[in-house]
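Asks: For the sequence shown, the tail end lands on 267 under our numbering, and the numbers increase by one without skipping. C-beta: ideal position from N, C-alpha, C; glycine also. What follows is a structure written as structure tokens; I'll ask about it next.
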Amino acid sequence: HLADHPWLEAELRERITLYREEFTRCFAIFTERGQQVHLTMDVMTFTPELRRRMIESKREVNDYLAELLDGFFTAFPQVAGIIVRIGESDGKGVHDEFRSELVVHKPAQARRLLLDLLPVCEKHARRLIFRTWTVGAYRIGDLMWHRGTFKNVFAGIQSPALVISMKYGESDFFRYLPLNSNFFRTDIPKIVELQTRREYEGCGEYPSFVGWEYDRYVRELKHAPNVIGCMVWCQTGGWVPFR
Numbered sequence: 025h026l027a028d029h030p031w032l033e034a035e036l037r038e039r040i041t042l043y044r045e046e047f048t049r050c051f052a053i054f055t056e057r058g059q060q061v062h063l064t065m066d067v068m069t070f071t072p073e074l075r076r077r078m079i080e081s082k083r084e085v086n087d088y089l090a091e092l093l094d095g096f097f098t099a100f101p102q103v104a105g106i107i108v109r110i111g112e113s114d115g116k117g118v119h120d121e122f123r124s125e126l127v128v129h130k131p132a133q134a135r136r137l138l139l140d141l142l143p144v145c146e147k148h149a150r151r152l153i154f155r156t157w158t159v160g161a162y163r164i165g166d167l168m169w170h171r172g173t174f175k176n177v178f179a180g181i182q183s184p185a186l187v188i189s190m191k192y193g194e195s196d197f198f199r200y201l202p203l204n205s206n207f208f209r210t211d212i213p214k215i216v217e218l219q220t221r222r223e224y225e226g227c228g229e230y231p232s233f234v235g236w237e238y239d240r241y242v243r244e245l246k247h248a249p250n251v252i253g254c255m256v257w258c259q260t261g262g263w264v265p266f267r
């Protein structure tokens with residue numbers, strides 16, 4: 025929503041220009057106070073016109089995204105990195121011009137995506153935070169828990185830009201799950217994903233304390249290599265009607 029491209033609809037590009045002006049001021053507030061800005065993105069997000077142009081030109085998704093990120097990082101030096109999700113797409117309730125869908129189906133495609141985008145992030149000294157979360161679709165669907173799939177995607181990749189982001193368990197944000205064993209399977213920097221507004225416990229409609237569980241995960245993660253932090257999700261949307 026902040027990355028402009030000639031293949032987008034003209035009216036949408038005008039709106040993106042306004043978004044970019046507004047968020048430039050927002051980013052300045054954060055960076056002046058010593059904070060870093062990371063933005064989320066889905067692979068891949070289309071508009072009707074973008075889809076048409078990519079089909080006509082037979083352009084590969086990775087090639088398009090590499091160009092898009094290169095221009096975006098140049099335009100926004102305040103942005104420290106991007107958080108990439110490959111395994112979940114917009115549902116039927118999304119009616120915006122931008123709609124995401126699953127285009128990464130196999131471990132080899134996920135690995136190729138990293139190898140194509142990481143040089144762009146390295147060039148601009150930005151992070152690429154890669155989420156292993158998927159809804160189980162296709163061969164890549166077991167990335168967050170299957171050691172073979174995990175190895176096929178990440179083994180041998182060495183980049184100062186790459187960070188792996190994993191939910192604390194080998195499933196969704198459920199209670200009483202053992203710690204995700206993939207935290208112990210790579211030296212690549214990684215962060216753990218936690219959830220505050222619990223979607224499976226009424227979405228904040230009643231108290232649902234998970235602090236003791238999170239404390240246990242923190243103690244166990246002290247033995248995992250190169251865990252550099254956490255990402256806290258507040259569950260602002262999703263499949264539930266609570267808002």
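(1) Thinking C-beta only, is V256 closer than 8 Å to I215?
(2) Going straight from the alpha carbon of V85 to that of M68, what length do you get?
(3) With DSSP as the reference, identify every bridge partner of W257, one or two as the case may be.
(4) Quick test of your reading: S195 and L203, contact by CB under 8 Å. State the CB separation rounded to the nearest angstrom.
(5) Tell me whether the beta-carbon of T71 lies closer than 8 Å to the beta-carbon of L36.
(6) Per the DSSP calculation, F70 is bridged to which residue(s)?
(7) Going along the chain, which residues of its own chain have a beta-carbon closer than 6 Å to the beta-carbon of T210, five neighbours each way excluded?
(8) Measuring alpha carbon to alpha carbon, tell me which residue in A161, A248, T220, G105 is nearest W236.
(9) Give me the Cα-Cα distance between S232 and G253, rounded to the nearest whole angstrom.
(10) Let's test the definition: count the other Cβ atoms within 10 Å of the Cβ of R155 and tell me whether it reaches 16, buried, or not, exposed.
(11) Measure the Cβ-Cβ separation of V128 and L139 and say whether it is below 8 Å.
(12) Can you give, in chain order, each stretch of the beta strand (DSSP E) that sits fully within the segment 91-146 and has at least 3 residues?
(13) Alpha carbon to alpha carbon, what distance is there between E125 and A161?
(14) What do you get for R153, buried or exposed, if any count of 16 or more other CB atoms within 10 angstroms of its CB means buried?
(15) Buried or exposed: which applies to L42, given that a residue is buried once 16 or more other Cβ atoms fall within 10 Å of its Cβ?
(16) From the DSSP output, in three-state form, read off T55 for me.
(17) Rounded to whole angstroms, what is the Cα-Cα separation between D87 and Y230?
(18) Between the alpha carbons of C50 and G111, how many angstroms are there, rounded?
Replies: Short version:
(1) Here residue 215 refers to the residue found at position 191 when the sequence shown is read from its first residue. Here residue 256 refers to the residue found at position 232 when the sequence shown is read from its first residue. No, Cβ-Cβ distance for I215 and V256 is not below 8 Å.
(2) Looking up residue 85 in the sequence shown gives position 61. Looking up residue 68 in the sequence shown gives position 44. One Cα belongs to V85, the other to M68, and the distance between them is close to 7 Å.
(3) Start at 1 with the first residue of the sequence shown, and residue 257 comes out as number 233. Q219.
(4) Residue mapping note: residue 195 aligns to position 171 of the sequence shown, counting from 1. Residue mapping note: residue 203 aligns to position 179 of the sequence shown, counting from 1. That belief does not hold up - the Cβ atoms of S195 and L203 are roughly 12 Å apart, past 8 Å.
(5) Counted from its first residue, the sequence shown places residue 71 at position 47. Counted from its first residue, the sequence shown places residue 36 at position 12. For T71 and L36, yes; Cβs fall inside 8 Å.
(6) As a working mapping, residue 70 is identified with position 46 in the sequence shown. Bridge partners of F70: R123.
(7) For the purposes of this step, residue 210 is taken as the residue at position 186 of the sequence shown. The residues are F178.
(8) Walking along the sequence shown from the start, residue 236 turns up at place 212. The residue among A161, A248, T220, G105 with its C-alpha nearest the C-alpha of W236 is T220.
(9) As a first step, residue 232 must be located in the sequence shown, where it is residue number 208. As a first step, residue 253 must be located in the sequence shown, where it is residue number 229. Between S232 and G253, the C-alpha separation is close to 23 Å.
(10) Within the sequence shown, numbered from 1, the residue matching residue 155 stands at position 131. By the neighbour-count rule (16 or more Cβ atoms within 10 Å), R155 is buried.
(11) For the purposes of this step, residue 128 is identified with residue 104 of the sequence shown, where counting begins at 1. For the purposes of this step, residue 139 is identified with residue 115 of the sequence shown, where counting begins at 1. Going by C-beta atoms, V128 is not nearer than 8 Å to L139.
(12) Runs of the beta strand (DSSP E) spanning 3 or more residues and lying entirely within the segment 91-146 occur at 103-109, in chain order.
(13) Here residue 161 corresponds to residue number 137 of the sequence shown, with the count starting at 1. Here residue 125 corresponds to residue number 101 of the sequence shown, with the count starting at 1. One C-alpha to the other measures close to 11 Å.
(14) As a first step, residue 153 is located in the sequence shown; it is residue number 129 there, counting from the start. Position check: residue 153 holds Ile in this sequence, whereas Arg was assumed. Buried, by the Cβ-count rule.
(15) In the sequence shown, residue 42 corresponds to position 18, counting from 1. Classification of L42: exposed, given that the 10 Å Cβ count is below 16.
(16) Along the sequence shown, read from residue 1 onward, the residue named residue 55 stands at position 31. Reduced to three states, the DSSP call for T55 is helix.
(17) Taking the first residue of the sequence shown as 1, we reach residue 87 at position 63. Taking the first residue of the sequence shown as 1, we reach residue 230 at position 206. Taking the straight line from one Cα to the other gives about 46 Å.
(18) Mapped onto the sequence shown, residue 50 falls at position 26. Mapped onto the sequence shown, residue 111 falls at position 87. Whole-angstrom Cα-Cα distance: 29 Å.
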